[in-house]
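S.K.: Protein chains in written order, with full-length UniProt numbering: chain Y, 1 to 349; chain A, 1 to 349; chain R, 1 to 349; chain E, 1 to 349.
For glycine and all other residues, C-beta sits at the position ideal for the given N, C-alpha and C.
I'd like to ask you about the structure that follows.
Protein chains: 4
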Amino acid sequence: MTLSVAVSGASGYAGGEILRLLASHPDVQIRTVTAHSSAGQPLVAHQPHLRSLAHLVLQPTTPEVLAGHDVVFLALPHGQSAQYTDALGSTPLVIDAGADHRLTSAEDWAAFYGGPHPDPWAYGVPELPVAGGKQRENLRGATRIAAPGCNASTVALSLAPGVAAGVIVASDIVSVLAVGPSGAGKSAKTNLLASEILGSANPYAVGGTHRHIPEIRQALIAAGAPSDGIRLSFTPVLVPMSRGILATSSAPIREGATDAEIRSAWETAYADEPFVELLPEGVFPRTADVLGANVASMGIAIDRAANRVTIVAAVDNLVKGTAGAAVQSMNLASGLVETTALPLNGVAP
Amino acid sequence: MTLSVAVSGASGYAGGEILRLLASHPDVQIRTVTAHSSAGQPLVAHQPHLRSLAHLVLQPTTPEVLAGHDVVFLALPHGQSAQYTDALGSTPLVIDAGADHRLTSAEDWAAFYGGPHPDPWAYGVPELPVAGGKQRENLRGATRIAAPGCNASTVALSLAPGVAAGVIVASDIVSVLAVGPSGAGKSAKTNLLASEILGSANPYAVGGTHRHIPEIRQALIAAGAPSDGIRLSFTPVLVPMSRGILATSSAPIREGATDAEIRSAWETAYADEPFVELLPEGVFPRTADVLGANVASMGIAIDRAANRVTIVAAVDNLVKGTAGAAVQSMNLASGLVETTALPLNGVAP
Amino acid sequence: MTLSVAVSGASGYAGGEILRLLASHPDVQIRTVTAHSSAGQPLVAHQPHLRSLAHLVLQPTTPEVLAGHDVVFLALPHGQSAQYTDALGSTPLVIDAGADHRLTSAEDWAAFYGGPHPDPWAYGVPELPVAGGKQRENLRGATRIAAPGCNASTVALSLAPGVAAGVIVASDIVSVLAVGPSGAGKSAKTNLLASEILGSANPYAVGGTHRHIPEIRQALIAAGAPSDGIRLSFTPVLVPMSRGILATSSAPIREGATDAEIRSAWETAYADEPFVELLPEGVFPRTADVLGANVASMGIAIDRAANRVTIVAAVDNLVKGTAGAAVQSMNLASGLVETTALPLNGVAP
Amino acid sequence: MTLSVAVSGASGYAGGEILRLLASHPDVQIRTVTAHSSAGQPLVAHQPHLRSLAHLVLQPTTPEVLAGHDVVFLALPHGQSAQYTDALGSTPLVIDAGADHRLTSAEDWAAFYGGPHPDPWAYGVPELPVAGGKQRENLRGATRIAAPGCNASTVALSLAPGVAAGVIVASDIVSVLAVGPSGAGKSAKTNLLASEILGSANPYAVGGTHRHIPEIRQALIAAGAPSDGIRLSFTPVLVPMSRGILATSSAPIREGATDAEIRSAWETAYADEPFVELLPEGVFPRTADVLGANVASMGIAIDRAANRVTIVAAVDNLVKGTAGAAVQSMNLASGLVETTALPLNGVAP
């Protein structure tokens, strides 16, 4: 079986990374790539690293151009997906890398995004513990999939095992993330200029305003946390690396939980997951070690003096955080081998 | 009055920064610079940016060479100060940039450093709220001063006002820091190589092992926290910028504390402090904006959804974090104008 | 004497750096700062590192606002100066950090800029050897000064002594520059995004199209090169550091020139120049060592195997390359001590 | 056919990259990895990004351990290969990533390395034009191969087509390279510390002392340049990116050569080479676009005003510059498909 695929937003970072992964996918034919203002230009004019796709020309992002494929990836700015999803009614599989279809709560949508609340789709983090299993099961055979927010999936994967096993308390979670600017996309904004980012650590969305907060909360509720018992302090900090998320998350230890029970929560959850790496005790991940890989790598410290479990997780925001999650979801939804075309090894140093 | 000064460890980063500041100090004559393996070489062979000191030659770091000055700065690796401090008995003022004389608790010393516990000296963070005033008063006329740990002073300055005012709860503090590698000194270690740091965020000392933890606890106790009621989760993350600390600290809001009371705690504490900058509501600092400046810049967010106050503070680890603190302490101890030779403006972008 | 000063383009990088230097200038009162779209906002909203100027509010950049000062600095995008210079007829001293008034050759202007050729002003690189002396003499008492292009002054200072002394051949110069993106200004362009610059070396203006080429040629002619005998291959490469230019320039050795004659050319030219540092034989500069300093630091290698003299020069593009040159020119033009408010020491690491 | 492979120096950067490529090679079994001081530790303790090789344990680098494989890769510091190559007499294929066996000229060896001159091996840059063909032919069936120096192969590939076609003059070549520090290996040296490299451009080996100079000269002679007619000014500059070489090389245009002839020299040389990318006129490569790829990407400018052809080439020093070249050579020597396991696409941004 060869799936015909269209990728919109192909001149951007998320679109480019989806294409990088699909370029080595044996069951996929990349038939169409689309963009907005760059339509008509060769793909490699915008993605010069994708040499094996040098034959592709960017077409305009219209429902007509996107129709007629087995799979359509939408890698568009927030709020732009809806106009296409309606028109893609007959497309077997649509995967949205944007935020539009991630949230189930209309209240959260109103508070963090505003405007009409699009219908929620299956959430594309296969390894995420949910009641009675993994999110993976919801993706098998799915036809509409919302790829995760990169920060959200990193934090959710960090905490969900402990929440599901009841060894940490979800009511006082603190997450601080060092993130690279590619997560903000290829948009010409002054605050994303190299001169502003080089040599500096720049916080943003401090104090509970980041849009990934409700997404994390939703994932933790799915993992078993009481919906009224989650409190999350979430602070992202831009640091001078193009890719990568290093999320340091901690939560209070549930009274009475032993070290063995705590460690076992994560070990059990990720024992058979090729793309979630639980490091040995005392070892913690660096973002360099997941660069280019579809892997969330994490280490866990039980800090009895602080009465907290601290999870440090590294993710390549463009791979496991976005494009890899999208391709992994496609594999699951289409009945392909889940790990196809998804790199386990990173590129370091 | 002109003070004659000796700086040991002058070939390293802390020593170099002390010299950079002293070079423009009108009341100081830099008479002696010392080093270990580089003795005999010109200072500028190791600090080529210090052109105005091109006449200085590194001498060996011995008690004899250091003796006979009005002020001696020790910028040596941990554990090496003691041998000199004994021999400098007649030196009017000794300022140690190392950790040896910071901790008052023998228990903490044993747990985090080990070996004989050196006597504690006056702690060199002038703006730090302590019971009934500021640490500054302890520095006036002091003869032996321990300059602070850069991470410790950043976090202590972030939290102490809230602790002192009783608007936050010290028993569940979480601090995550993005830090540049210069804080680790100019020592040739594989994990500090550029190839390891560039493009990567690297956590270290995860889970409560960092030596600045007891120093922060000590500062918060001095600010009024109950000594048995401080719990601190502390995680530093190396990021690819040579200088800078961006500390994101949070603590639970004391029940009943109003937004006005919370904000007022910091406003009151730092209203008259030129070197602690409290940013307007909704504004948070970047490390680029304190580069080269003797300033701790901070912003405060009251996150009611998370029930936490989040303080984001930016410090140049080599200036306000180390050398600037040392020079400011010297000014205070020597009866000079406290702000002399201490830059308020940073170098950006 | 206190000069009243206005700085236009105060929200940008060049304007900000002029202000950083002027902030510590004892003979200057910064009375007016102007901007375009940010008029009405506090200066520190755009230049948060300039704490000592927190009282200033950005005013609109109009001839009326700029009029009535002793000195006006224009730090505007190319082509925007002319409209103000006409209106500033009665201003004693105008210094343009833009390109408009640098070129004397109408032909060069037409070829590299196009449009009407503004009248050339005195060129603001005081140390530049010109026939019979230094460019400095043209700046004393000048009323209209064109601050240099940062790349141009770096390369011109590198080569002019050898050209003036006749020890190198100007007809086959090759310059390759590693440059930081701040030289391109604070404009939101996709190719200047941090994600594009981090981890990458990006050439631009390859093959003889860079606008600083005629400016270098002009400087070398002023230094004594035959106007029809200069050929210059010039390639700038953006590298991931916010500031800095490292220019590697080479030219063939004039037949018969001895090593002593060659070295002497640079030694003689810069012997008494505080802001041009000629490093000892075998030592070459790093951009870190001039960060924040008004210094061009250079080392010279005589490569007999290649038959070329190679000059490696480091400059902070925003200081000696732009703002420092502008302030140094102001000092000269106004009869102040030339070195006032110009840092000799850099900020490293 | 499955080749059994041993990789020495497996804890270093070159060794790690050879393993990253071999990990996806279908015709290879990585049986042995060796190191010096780290022997006995898991490979992933030193190469945490190589998850698919988590089962491998580092063994000591001894002739006994290395013996008995079909292919042995030596990724050792300079001068350490010889002791093993003698003992590997019966090994079918040995590929040395070090410098020991690259130079044919005993005189060059004495001048740039010193000590006994090891015998030269086949040189591992398949695409390099040599008299009557490509270096590739020398690698087919070879049993001893010297992988290239990363800077050398980048510059040689840039210039050889023009030299071979006689459109440029080899007697006045100038190359300036922006290089990442990983090329210097994972050795703990002060000048390679992140604090020294971040935010700075640092030249080294200025003035004709770099050891890759004779290697480039040798390659250009093989391409047809007269052996007494090559002069090369070569200056590498360390810049803050972990990987990558951006080489800007230029040479005088041969009198009478037309633009078409010049461009055709490179087009002809690389028309059928998948791993050398000649960009369209006016387009030049960035190192980000070859990160992780086995590709030398180059653009050519004909600068008539400077009378030079300028070639800008981007290479990932660890891939096409070292490990990729080594694996490509192995493929050729072993009769495998030349392109196996060698990425065409890069990882960007």
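Hey, how far is the Cα of glutamate 107(Y) from the Cα of arginine 140(Y)?
M.R.: Within the first sequence, numbered from 1, the residue matching residue 107(Y) stands at position 107. Within the first sequence, numbered from 1, the residue matching residue 140(Y) stands at position 140. Taking C-alpha positions only, glutamate 107(Y) is separated from arginine 140(Y) by approximately 28 Å.
S.K.: Is the region 193 to 208 of chain A touching the region 147 to 162 of chain A in the sense that three or more CB pairs, one from each, lie closer than 8 Å?
M.R.: no
S.K.: Taking a contact to mean a Cβ-Cβ separation below 9 Å, would you say serine 200(A) touches threonine 287(Y) in this structure?
M.R.: On the second sequence, residue 200(A) is found 200 positions in, with the first residue counted as 1. On the first sequence, residue 287(Y) is found 287 positions in, with the first residue counted as 1. Taking 9 Å as the Cβ cut-off, serine 200(A) and threonine 287(Y) qualify as a contacting pair.
S.K.: Could you name the residues of the same chain whose beta carbon sits closer than 8 Å to that of valine 290(A), not counting the 5 residues immediately before and after it, in chain order?
M.R.: Your numbering for residue 290(A) matches position 290 in the second sequence. Answer for valine 290(A): Gly244, Ala296, Ser297, Ala314, Val315, Asp316, Val319, Lys320, Gly346, listed in chain order.
S.K.: Let me confirm a value: histidine 55(A) is counted as buried when at least 16 other C-beta atoms fall within 10 Å, else exposed. Which label applies?
M.R.: As a working note, residue 55(A) is residue 55 in the second sequence. Of the other Cβ atoms in all chains shown, fewer than 16 fall within 10 Å of the Cβ of histidine 55(A); this residue is therefore exposed.
S.K.: Beta strand (DSSP E) containing aspartate 303(Y): first to last residue?
M.R.: Start at 1 with the first residue of the first sequence, and residue 303(Y) comes out as number 303. Aspartate 303(Y) -> beta strand (DSSP E) spans 296 to 303.
S.K.: Look at the alpha carbon of lysine 186(R) and the alpha carbon of glutamine 218(R), and state the distance between them as a whole number of angstroms.
M.R.: Taking the first residue of the third sequence as 1, we reach residue 186(R) at position 186. Taking the first residue of the third sequence as 1, we reach residue 218(R) at position 218. Each residue's Cα considered, the two are about 28 Å apart.
S.K.: For glycine 346(Y), return the contacting residues in chain E, with the cut-off set at a CB-CB distance below 7 Å.
M.R.: As a working mapping, residue 346(Y) is identified with position 346 in the first sequence. What glycine 346(Y) touches in chain E: His49.
S.K.: Please identify the residue among Ile168(E), Arg211(E), His46(E) whose C-alpha is closest to the C-alpha of serine 105(E).
M.R.: Working through the fourth sequence from its first residue, we reach residue 105(E) at position 105. Minimum Cα distance to serine 105(E) is reached at Arg211(E).
S.K.: Ignoring anything shorter than 4 residues, give me the alpha helix (DSSP H) runs that lie fully in the UniProt domain "Semialdehyde dehydrogenase NAD-binding" (4 to 136) of chain R, in order along the chain.
M.R.: DSSP runs (the alpha helix (DSSP H)) wholly in the UniProt domain "Semialdehyde dehydrogenase NAD-binding" (4 to 136) of chain R: 13 to 22, 43 to 46, 63 to 66, 82 to 87, 106 to 112.
S.K.: Return the CA-CA distance between valine 44(R) and valine 276(A), expressed in angstroms with no decimal places.
M.R.: Position 44 of the third sequence holds residue 44(R). Position 276 of the second sequence holds residue 276(A). Approximately 16 Å between the Cα atoms of the pair.
S.K.: So, do the region 226 to 235 of chain E and the region 254 to 273 of chain E have three or more beta carbon pairs nearer to each other than 8 Å?
M.R.: Too few Cβ pairs lie closer than 8 Å, so no.
S.K.: In chain E, which residues lie with their C-beta within 8 Å of the C-beta of aspartate 289(Y)?
M.R.: Your numbering for residue 289(Y) matches position 289 in the first sequence. Within chain E, the residues near aspartate 289(Y) are Pro48, His49.
S.K.: Please confirm whether tyrosine 13(R) has its beta-carbon closer than 9 Å to some beta-carbon of chain Y.
M.R.: For the purposes of this step, residue 13(R) is taken as the residue at position 13 of the third sequence. Taking Cβ atoms only, chain Y reaches closer than 9 Å to tyrosine 13(R), which makes this a yes.
S.K.: Please classify alanine 152(R): does DSSP put it in a helix, a strand, or coil?
M.R.: Translated into the one-based positions of the third sequence, residue 152(R) becomes position 152. If DSSP states are grouped into helix, strand and coil, alanine 152(R) belongs with the helices.
S.K.: Quick one: grab the DSSP three-state call for threonine 339(E).
M.R.: Here residue 339(E) refers to the residue found at position 339 of the fourth sequence. DSSP places threonine 339(E) in coil when its eight states are reduced to three.
S.K.: Have a look at Ile311(A), Thr339(A), Ala160(A), Gly292(A) and flag the residue whose alpha-carbon is nearest the alpha-carbon of glycine 16(A).
M.R.: Walking along the second sequence from the start, residue 16(A) turns up at place 16. Of the listed residues, the one whose Cα sits closest to glycine 16(A) is Gly292(A).
S.K.: Helix, strand or coil: which one does DSSP assign to valine 327(E)?
M.R.: As a first step, residue 327(E) is located in the fourth sequence; it is residue number 327 there, counting from the start. Helix.
S.K.: With DSSP as the reference, label alanine 146(A) as helix, strand or coil.
M.R.: Numbered from 1 along the second sequence, position 146 holds the residue referred to as residue 146(A). Three-state DSSP puts alanine 146(A) in a strand.
S.K.: For a quick check, are the C-beta atoms of alanine 323(E) and alanine 97(E) less than 9 Å apart?
M.R.: For this step, residue 323(E) is matched to residue 323 along the fourth sequence. For this step, residue 97(E) is matched to residue 97 along the fourth sequence. Yes; because the gap between Cβ atoms is below 9 Å, this pair is in contact.
S.K.: Against chain Y, which members of the region 199 to 221 of chain R pass a CB distance test of less than 9 Å?
M.R.: Gly199, Ser200
S.K.: Identify whether alanine 247(E) lies in helix, strand or coil by the three-state DSSP scheme.
M.R.: Position 247 of the fourth sequence, counted from the first residue, corresponds to residue 247(E). Here alanine 247(E) sits in strand by DSSP.
S.K.: Return the residues of the region 222 to 242 of chain A that lie within a Cβ-Cβ distance of less than 8 Å from chain Y, sorted by chain order.
M.R.: Answer set for the region 222 to 242 of chain A: Arg231, Leu232, Ser233, Phe234, Thr235, Val237, Val239, Pro240, Met241, Ser242.
S.K.: Exposed or buried, valine 92(Y), counting other C-beta atoms within 10 Å across all chains shown (16 or more means buried)?
M.R.: As a working note, residue 92(Y) is residue 92 in the first sequence. Inspection of the sequence shows that residue 92(Y) is occupied by proline rather than by valine. With fewer than 16 other Cβ atoms within 10 Å, it is exposed.
S.K.: For aspartate 259(E), does the count of other Cβ atoms within 10 angstroms reach 16, so buried, or fall short, so exposed?
M.R.: Counting from 1 along the fourth sequence, the entry for residue 259(E) is found at position 259. Exposed: under 16 other Cβ atoms inside 10 Å.
S.K.: So, at 6 Å on beta carbons, what are the nonlocal neighbours of valine 174(A) in its own chain, with the 5 sequence-adjacent residues on each side left out?
M.R.: As a first step, residue 174(A) is located in the second sequence; it is residue number 174 there, counting from the start. Excluding residues within five positions, the ones whose Cβ falls inside 6 Å are Ser233, Ser250.
S.K.: Could you tell me the alpha carbon to alpha carbon distance between alanine 165(R) and threonine 85(E), rounded to whole angstroms?
M.R.: Position 165 of the third sequence, counted from the start, is the residue given in the question as residue 165(R). Position 85 of the fourth sequence, counted from the start, is the residue given in the question as residue 85(E). So the two alpha carbons sit approximately 54 Å from each other.
S.K.: In angstroms, rounded to a whole number, what distance separates the CA positions of glutamate 64(A) and valine 237(Y)?
M.R.: One-based indexing of the second sequence puts residue 64(A) at position 64. One-based indexing of the first sequence puts residue 237(Y) at position 237. So the two alpha carbons sit approximately 48 Å from each other.
S.K.: If alanine 341(A) and leucine 21(A) are in contact, beta carbons under 8 Å, what's the gap, nearest whole angstrom?
M.R.: Stepping through the second sequence from its first residue, residue 341(A) is reached at position 341. Stepping through the second sequence from its first residue, residue 21(A) is reached at position 21. Sure, about 5 Å apart at Cβ, within 8 Å.
S.K.: Check distances from the C-beta atoms of the region 270 to 295 of chain A to those of chain Y and list, in chain order, the residues that come in under 9 Å.
M.R.: Gly282, Phe284, Pro285, Arg286, Thr287, Ala288, Asp289, Leu291
S.K.: With a threshold of 9 Å between beta-carbons, can lysine 189(A) be considered close to chain R, or not?
M.R.: Within the second sequence, residue 189(A) is the residue found at index 189, counting from 1. With 9 Å as the cut-off, lysine 189(A) does not count as an interface residue toward chain R.
S.K.: Under three-state DSSP, which class holds leucine 139(Y)?
M.R.: On the first sequence, residue 139(Y) is found 139 positions in, with the first residue counted as 1. Helix, per DSSP.
S.K.: Leaving out five residues on either side along the sequence, give the residues of the same chain with a beta carbon under 6 Å from the beta carbon of glutamine 41(A).
M.R.: Sequence index remark: in the second sequence, residue 41(A) carries index 41 (1-based). So the qualifying residues of the chain are Leu58.
S.K.: Going by C-alpha distance, which of Gly180(Y), Pro77(Y), Ala131(Y), Arg308(Y) is nearest tyrosine 113(Y)?
M.R.: In the first sequence, the residue the question calls residue 113(Y) occupies position 113. Residue Pro77(Y) is the option with its Cα nearest to tyrosine 113(Y).
S.K.: Starting from the C-beta of asparagine 202(A), find all residues in its chain whose C-beta is less than 6 Å away, skip the five residues before and the five after it, and write them out in chain order.
M.R.: Counted from its first residue, the second sequence places residue 202(A) at position 202. Excluding positions up to five away in sequence, the list reads Leu238.
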